[in-house]
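Engineer:
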Amino acid sequence: MIVASRLGSWLLLAAASLGAAAWAAPSSHSSSPSSKGIAYRWVDEQGIVHYGDNIPPQYANQERAILNAQGVEVGHLEGHKTPEEEAAAARTRDALMKQKQHDAFLVSTYTSVKDIEALRDVRLDQLKGQRAALEQYLESLRGRLATLQSRALGFRPYNERKDLRRMPDDLAENLVRTLNELRVQSAALTTNSAEETALRAQFQSDIERYRELHAIHSQAAVTPAMPHNATAAE
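Numbering (my numbering), first residue to last: 801 to 1034.
1) In the structure shown, what three-state DSSP assignment does I855 receive?
2) What residue does the beta strand (DSSP E) around L867 start on, and which one ends it?
3) Distance, Cα to Cα, I1016 vs Y1010?
4) Residues in the same chain with beta-carbon distance under 7 Å from E995, minus the five sequence neighbours each way, listed in chain order, please.
5) Going by Cα to Cα distance, which pick from A1020, H850, L999 is closest to L919?
6) Classify G1115 as helix, strand or coil using the three-state DSSP reduction.
7) If you compare alpha carbons, which of E981, D963, L1013, L964 is closest to R944?
8) Measuring CA to CA, which of Y851, R893, N992 is closest to R931?
9) Which residue or residues does DSSP assign as beta-bridge partners of R966?
10) Given a threshold of 16 other Cβ atoms within 10 Å of its Cβ, counted over all protein chains shown, does R841 qualify as buried or as exposed?
11) R942: which of L971, N868, L975 sits nearest, CA to CA?
12) Can you give the Cα-Cα distance for L948 and T978, rounded to whole angstroms?
13) Can you name, in chain order, every residue of its own chain whose Cβ lies under 8 Å from the Cβ of E917, other than the five neighbours on each side?
14) Which of the three DSSP states is assigned to Y1010 in this structure?
15) Please state the DSSP three-state secondary structure of T947.
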C-alpha cells in the first residue's frame, strides 16, 4: 500500500486514516511493517510526498519519517550522506561542541563583563610590552646595519675604486646576518600587531556572548513556570 500526494494537511490526514484502516485489518504476515502499525513517509525527486508500508528501492537511501497507526511521526531515519555531506555535518557538530564548551567557560570563569575587560587589558599590556621590546631591538639592528654599510663603502664591490681590496668575509657575513635578523624581527612586529587585533576581536566577541548568556539566564530565572493545567487563553 503506497499513497502519493502533494504537501497538504488534508491529504496527510486522509493518508493517515487510510493507513490506520489498512493496518487494523488482519494480515497473514505477522512480521511485515503493516502488521505492526508502522509506515513511512518520504519525498521523491519531484517534491511529491509518499506514504507506504514499504520503501521503494530507489528511495531506500533517502531521508524518511516513521509513522504509527494513527499517521503520527514517531521516528526519523536520516538519508545516506555523501562523504562531503558527512564532513560538513562533522564540522557543524564540532563547531557546536566548541561553542558549548566556550559558553560553559565564560559563565564559569567570569562574574561580570568587567572581569573580561580586566583580563583583556592584561593581555593587551603584555603585547604592548613585547611590541616595545621589538621596536627597540629593530632600532638597534638598523643602527648596526648602517654602521656595517658605512664600513662596506671602503671595500669593493660597494666602492668602485680599483685600488681597494675586496670586502672581508666577516664583514659580508655580518651584513647578511643583520639583514636577515632585521627581516625576522620586522615580521615579528607585524605578527604582534595582528595578534593585538585578533585579541581585541576575540574579547569583544566574548563580552557580547557573555551578555547574551547572562540575559538568557536572567530571563529564565524570573520567568515563572506555567502550571500544568494552564491554558493558552489563561
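Glycine included, each C-beta is placed from N, C-alpha and C at the ideal position.
All values derive from a computational prediction rather than experimental measurement.
Structural biologist: Taking the structure as given:
1) Stepping through the sequence shown from its first residue, residue 855 is reached at position 55. In this structure, I855 counts as coil in the three-state DSSP scheme.
2) As a working mapping, residue 867 is identified with position 67 in the sequence shown. Its beta strand (DSSP E) spans residues 864-867.
3) Translated into the one-based positions of the sequence shown, residue 1016 becomes position 216. Translated into the one-based positions of the sequence shown, residue 1010 becomes position 210. Near 10 Å, if we compare the C-alpha coordinates of Y1010 and I1016.
4) To locate residue 995, count along the sequence shown from 1; it is residue 195. Within the same chain, E995 has close Cβ partners L927.
5) Along the sequence shown, one-based indexing puts residue 919 at 119. Of the candidates A1020, H850, L999, the one whose C-alpha sits nearest the C-alpha of L919 is L999.
6) Since the displayed the chain opens at 801 and closes at 1034, residue 1115 lies outside it and no answer follows.
7) Start at 1 with the first residue of the sequence shown, and residue 944 comes out as number 144. With distances taken between Cα atoms, R944 lies closest to E981.
8) Along the sequence shown, one-based indexing puts residue 931 at 131. For R931, the nearest C-alpha among the options comes from N992.
9) As a working note, residue 966 is residue 166 in the sequence shown. R956, per the DSSP bridge assignment.
10) Against the sequence shown, residue 841 aligns to sequence position 41. By the neighbour-count rule (16 or more Cβ atoms within 10 Å), R841 is buried.
11) Looking up residue 942 in the sequence shown gives position 142. It is L975 whose Cα lies nearest to the Cα of R942.
12) Translated into the one-based positions of the sequence shown, residue 948 becomes position 148. Translated into the one-based positions of the sequence shown, residue 978 becomes position 178. Cα-Cα distance, rounded: 9 Å.
13) Counted from its first residue, the sequence shown places residue 917 at position 117. The answer, listed in chain order, is F1003, I1007.
14) Taking the sequence shown and counting its residues from 1, the one referred to as residue 1010 is at position 210. In the structure shown, Y1010 sits in a helix (DSSP, three-state: H, G or I).
15) As a first step, residue 947 must be located in the sequence shown, where it is residue number 147. It is helical.
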